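Trainee:
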Amino acid sequence: MNPQELKSILSSGLLSFPVTDFNAQGDFHREGYIKRLEWLAPYGASALFAAGGTGEFFSLAASEYSQVIKTAVDTCANSVPILAGVGGSTRQAIEYAQEAERLGAKGLLLLPHYLTEASQDGVAAHVEAVCNSVKIGVIIYNRNVCRLTAPLLERLAERCPNLIGYKDGLGDIELMVSIRRRLGDRLSYLGGLPTAEVYAAAYKALGVPVYSSAVFNFIPKTAMDFYHAVAREDHATVGKIIDDFFLPYLDIRNRKAGYAVSIVKAGATISGYSAGPVRTPLTDLLPEEYEALAALIDKQGPQ
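Read left to right, the sequence shown gives residues 1 to 303 (UniProt numbering).
Dropping the structure here:
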């Protein structure tokens, strides 16, 4: 799949990031991950991102990363494209990118570099180096310390033909509008704020109709129903699901830093597809939070 074919796929539909399965000892659990992917793939997501933020990329050793990407690519070879998360220092990100390409990933999500503050030019050089290291398509994730402006993204798009997508995790509407207007159809645009459904209708109005769903991990039917309601501008259905599920869900998610991942793993367990515990420095939901989430999921009905 060449980058432009991937760009076309990412320009519509729902995307998701499967959680990564760990066993009770905290090691990668390949069989559980296969079972998860086989369950999720038929629901109709346009693409799945292995070892993304929700997949706890930040906690994976290099050898585990290879196992996760290979397992995802092999399991979903005939069903849905797999993109791989990459990140860390420039040299680390290049090694991960080249390994993901070797293993058959169709594209990459370049996660923010870790911790170090950097100038716009420095971040742009980081992105360009990763793009130039592979032939598959790359999506840049503007979030946290990665805050590229529209002029720099335009420059990168001119210099990196395989830079095909922009994912926004900042929620800066002025910046999002400036990027969308300046780059037009050169990139695919993805909504990437945590629990993106809450912002989906607003981002669609900005020209960003595609987003990644974390809750697809445990209520895939509801996640797809919500996406289609946003797409057809069914405001009544959108509002009902936000009121009945997403707002009380956010109340649980916002109780502790890192719960954006922890609550998804808890949801997977409740839905019968346990992925094991989160790895430190994240912490799992408390029992009363788990029970509140279980009640919310039960109200959504069979998936």
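Cβ atoms here follow ideal geometry from the backbone N, Cα and C, with glycine treated the same way. On a predicted model such as this, the values are computed, not experimentally measured, just so you know.
CA-CA distance, V238 and F226?
Mentor: Looking at the two C-alpha atoms, the distance is approximately 6 Å.
Trainee: Could you tell me which of D27, G32, D244, R159 sits nearest to V198, measuring between CA atoms?
Mentor: Nearest option by C-alpha distance: D244.
Trainee: On the DSSP letters alone, give me the boundaries of the alpha helix (DSSP H) that A201 sits inside.
Mentor: Where A201 is concerned, the enclosing alpha helix (DSSP H) stretches over 200–205.
Trainee: Kindly list the residues whose CB is nearer than 7 Å to the CB of E64, restricted to its own chain and excluding five residues on each side of it in sequence; keep chain order.
Mentor: Once the five neighbours on either side are set aside, the close Cβ partners of E64 are F28.
Trainee: Could you check where the alpha helix (DSSP H) with V261 kicks off and where it finishes?
Mentor: Counting along the chain, the alpha helix (DSSP H) containing V261 begins and ends at 259–270.
Trainee: Between Y114 and G87, how many whole angstroms is the CB-CB distance? I'm expecting something under 8 Å.
Mentor: Correct: roughly 7 Å between the Cβ atoms.
Trainee: From the DSSP output, read off the bridge partner residues of A50.
Mentor: A84.
Trainee: State the Cα-Cα distance for the pair L37 and A61, rounded to the nearest angstrom.
Mentor: Cα to Cα, L37 sits roughly 21 Å from A61.
Trainee: In the DSSP assignment, the alpha helix (DSSP H) including N162 goes from what residue to what residue?
Mentor: Here N162 belongs to no alpha helix (DSSP H), and DSSP marks it neither H nor E.
Trainee: Taking the C-alpha atoms as reference points, what is the distance between E117 and R147?
Mentor: Between E117 and R147, the C-alpha separation is close to 11 Å.
Trainee: Helix or strand or just coil, what does DSSP make of S59?
Mentor: Helix at S59.
Trainee: If you run the structure through DSSP and keep just helix, strand and coil, what is S178?
Mentor: Of the three classes helix, strand and coil, the one that applies to S178 here is helix, per DSSP.
Trainee: With distances taken Cα to Cα, identify the nearest neighbour of M1 among E128, L247, G107.
Mentor: Out of E128, L247, G107, G107 has the C-alpha closest to the C-alpha of M1.
Trainee: When burial is assigned at 16 or more other CB atoms within 10 Å of the CB, is A24 buried or exposed?
Mentor: Its Cβ having fewer than 16 others within 10 Å, A24 is exposed.
Trainee: So what does DSSP say about L156, is it helix, strand or coil?
Mentor: Correct three-state label for L156: helix.
Trainee: Using three-state DSSP, classify R232 as helix, strand or coil.
Mentor: Correct three-state label for R232: coil.
Trainee: What's the C-alpha gap between V123 and L183?
Mentor: Their Cα atoms are separated by approximately 19 Å.
Trainee: Which two residues bound the contiguous beta strand (DSSP E) that contains Y211?
Mentor: Residues 210–213.
Trainee: Three or more C-beta pairs under 8 Å: does that hold for the segment 183–192 against the segment 257–270?
Mentor: The segment 183–192 vs the segment 257–270: no contact.
Trainee: With a CB to CB cut of under 6 Å and the five nearest residues on each side skipped, what residues in its chain are close to L163?
Mentor: The answer, listed in chain order, is C131, V138, L156, A157.
Trainee: Which residues in the same chain as R102 place their Cβ atom closer than 7 Å to its Cβ, once the five residues preceding and following it in sequence are excluded?
Mentor: Here the set comprises nothing.
Trainee: In the DSSP assignment, what are the bridge partners of residue 307?
Mentor: For the chain, the structure presents residues 1 to 303; residue 307 sits outside this window and is missing.
Trainee: Report the CB separation of A50 from P18 in whole angstroms; it is logged as a contact under 8 Å.
Mentor: That belief holds up - the Cβ atoms of A50 and P18 are roughly 7 Å apart, short of 8 Å.
Trainee: Residues in its own chain within less than 8 Å of R180 by CB, not counting five upstream and five downstream?
Mentor: If we look at R180 and ignore the five residues flanking it on each side, its Cβ neighbours are Y189, L206, G207, V208.
Trainee: For the beta strand (DSSP E) that contains G191, what are its first and last residues?
Mentor: 188–191 is the span of the beta strand (DSSP E), which, as asked, contains G191.
Trainee: Could you tell me whether the Cβ atoms of A200 and S178 are closer together than 8 Å?
Mentor: No, they are not a contact pair.
Trainee: For F22, list the residues DSSP reports as bridge partners.
Mentor: For F22, which the question treats as bridged, DSSP gives the partners F28.
Trainee: Pull up the CB-CB distance for residue 311 and I82, whole angstroms please, since I reckon it's below 8 Å.
Mentor: Since the displayed the chain opens at 1 and closes at 303, residue 311 lies outside it and no answer follows.
Trainee: So the candidates are L15, E31, S12; which of them puts its Cα closest to the Cα of D21?
Mentor: For the residues L15, E31, S12, the minimum Cα distance to D21 belongs to E31.
Trainee: For A93, which residues of its own chain have a beta-carbon under 7 Å away from its beta-carbon, when the five flanking residues on both sides are left out?
Mentor: Excluding positions up to five away in sequence, the list reads V86, G87, L110, V130.
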